[in-house]
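Below you'll find the structure, written out as structure tokens, and then a few comments.
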Amino acid sequence: MAKGFQRDVLRKQQLENFTRELVRRYSALCELCGARKTKLVVFEVPPVSSDINIEHCILLCETCLQQVCYPKQRSIDHWRCLSTAVWSDHLPAQVMAVLLTRYFAKTHDWAANLEDTLYLSPEADQWLAEVESFV
């Protein structure tokens with residue numbers, strides 16, 4: 001078995017270990033769209049370091065995860081939920097929501113208007129500067 005594959009499997013297992021803590025901490029809902037009673041997956045908000053950091057992790061439903069990972073599959077109607085998510089108290093969720101809002105702001109007025117209303121903490125601004133190219 002290749003070392004890279006083993007490393008990826010181990011990382012996935014370690015992320016799954018965070019699921020219970022994140023579910024408890026964030027009320028078992030998708031941190032972007034607010035979906036409840038659905039399978040949630042731990043997602044690492046970039047930049048991803050070699051060590052897993054729970055402070056860079058959010059819970060996403062399968063719909064959000066699929067659309068975050070595959071931009072061509074993004075449905076604009078699904079992402080109207082960003083108007084709530086950009087104000088999240090959980091910094092990684094807020095960063096991911098703002099990244100997606102900026103992505104949609106290029107082509108959709110509602111996202112551009114939302115982006116204009118944002119006031120972000122210095123920590124969020126710094127994080128966003130590091131990952132602008134992700135979406």
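Per the UniProt record's numbering, residue 1 is the first one in the sequence shown, and the count goes up by one each step.
Where a beta carbon is used, it is the ideal one built from N, C-alpha and C, also for glycine.
Item	Value
Taking only beta-carbon atoms, is residue 32 less than 8 Å away from chain C?	Note that chain C does not occur in the displayed structure, where there is just one protein chain.
Just to confirm, is the Cβ distance from residue 61 to residue 40 under 8 Å?	yes
Thinking residue 115 and residue 129 are a contact (beta carbons under 8 Å), I'd like their distance in whole angstroms, please.	Contact flag wrong, Cβ pair sits at about 15 Å.
Which term fits residue 71, buried or exposed, when burial requires 16 or more other beta carbons within 10 angstroms of its beta carbon?	exposed
For residue 47, tell me which candidate among 66, 95, 112, 118 has the shortest Cα-Cα distance.	95
Short of 7 Å in beta carbon distance, which residues of its chain neighbour residue 118, apart from the five on each side in sequence? Order them along the chain.	86, 98
Given this structure, state the Cα-to-Cα distance separating residue 43 from residue 65, to the nearest angstrom.	8 Å
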